[in-house]
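Notes follow the structure.
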Amino acid sequence: EPEVTQTPSHQVTQMGQEVILHCVPISNHLYFYWYRQILGQKVEFLVSFYNNEISEKSEIFDDQFSVERPDGSNFTLKIRSTKLEDSAMYFCASSLLAAWAFNEQFFGPGTRLTVL
Amino acid sequence: RKEVEQDPGPFNVPEGATVAFNCTYSNSASQSFFWYRQDCRKEPKLLMSVYSSGNEDGRFTAQLNRASQYISLLIRDSKLSDSATYLCVVNIGTGFQKLVFGTGTRLLVSP
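Take a look at the structure:
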């Protein structure tokens, strides 16, 4: 069964450093998303991406964050200068269709980011 | 008011019990509704979509009341493997899917 993969599974970084989280969405999917979940809290939407453009982003997704699809398979989330409060599990998701359908988003296993 | 509100639980039930979870949402323009399941430290996985007329998938039944902005999930004949956190999820996007998650309701099924 096709699945979303994410690397690394755990990333430890120093405050102020840049990190790039990697995702490989399901191959025929067209819509890509990043979410985060701070330990013990709810899953929060960060950004959606379609046709090489951001389609929607949340207030969390400020200038420190960026997304890219550098080739036909990878989808990355970059945090330019990490803060302690960026420590969270980051989930990538992908879906085949657009919002109006009861359309399943498939989530990757997540990258746990720890900022020291 | 929170966008999606759920009782965090935990709900402790014996195997074979029936358990119901409720959820309310604040955005009346919400487009679609889902229940996701999340196991400890794992990714959310879609359990079922929630249709206006209500829908059933095996032991699971979901209901939607748009007038009251209320969603429910009923689990019959609980199994040990049902132990997880159940996330009420609302899509508030218009052009693209923008999912808003509740904090989840934790279910513990015991032998």
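Those protein sequences? They're chains A and B, same order as listed. Per the working numbering, numbering of the first sequence is gapless, rising by one per residue and ending at 127. Per the working numbering, numbering of the second sequence is gapless, rising by one per residue and ending at 140. Where a beta carbon is used, it is the ideal one built from N, C-alpha and C, also for glycine. This structure is a prediction, so every number in the text was calculated from the model and none was measured.
query                                                                                                                        : result
One or two residues paired with Asp86 (chain B) in a DSSP bridge                                                             : B:Phe89
Residues near Asn51 (chain B) by beta carbon distance below 6 Å, same chain, minus five either side                          : Ser101
Own chain residues within Cβ distance below 7 Å of Gly27 (chain A), not counting five before or after                        : Ser92, Thr93
Other residues of its chain near Thr29 (chain B): CB distance less than 7 Å, five sequence neighbours each side excluded     : An answer regarding residue 29 (chain B) cannot be provided, because it is not within the stretch 30 to 140 covered by chain B.
Touching by the beta-carbon criterion (3+ pairs, under 8 Å), the stretch 40-50 of chain A and the stretch 95-106 of chain A  : yes
Every unbroken beta strand (DSSP E) inside the stretch 50-79 of chain B [3 residues or more]                                 : 61-67, 73-79
Touching by the beta-carbon criterion (3+ pairs, under 8 Å), the stretch 110-128 of chain B and the stretch 53-67 of chain B : yes
C-beta atoms of Val33 (chain B) and Val129 (chain B) nearer than 8 Å                                                         : yes
Alpha-carbon to alpha-carbon, Ser107 (chain B) and Arg88 (chain B)                                                           : 8 Å
Rounded Cβ spacing between Thr125 (chain A) and Gln17 (chain A) (contact assumed at less than 8 Å)                           : That belief does not hold up - the Cβ atoms of Thr125 (chain A) and Gln17 (chain A) are roughly 15 Å apart, past 8 Å.
Extent of the continuous beta strand (DSSP E) run through Lys127 (chain B)                                                   : It is not in any beta strand (DSSP E) - Lys127 (chain B) carries neither H nor E in the DSSP assignment.
Inter-residue Cα distance where the pair is Leu109 (chain B) and Arg135 (chain B)                                            : 13 Å
Opposing strand residues paired with Arg135 (chain B) [DSSP bridges]                                                         : B:Thr114
In DSSP terms, what Ile100 (chain B) is bridged to                                                                           : B:Cys52, B:Leu93
Status (buried if at least 16 other CB within 10 Å, exposed otherwise) for Ala113 (chain B)                                  : buried
Burial state of Cys69 (chain B) (16 or more Cβ within 10 Å)                                                                  : exposed
is_contact[Thr114 (chain B), chain A] using C-beta, thresh 8 Å                                                               : no
Status (buried if at least 16 other CB within 10 Å, exposed otherwise) for Tyr99 (chain B)                                   : exposed
Neighbourhood of Ser20 (chain A) by C-beta, 8 Å cutoff - its chain only, sequence neighbours within 5 removed                : Pro120, Gly121, Thr122, Arg123
Where the beta strand (DSSP E) containing Ser38 (chain A) begins and where it ends                                           : From DSSP, Ser38 (chain A) is part of no beta strand (DSSP E); its letter is neither H nor E.
CB contact check: Asn114 (chain A) to chain B, cutoff 8 Å                                                                    : yes
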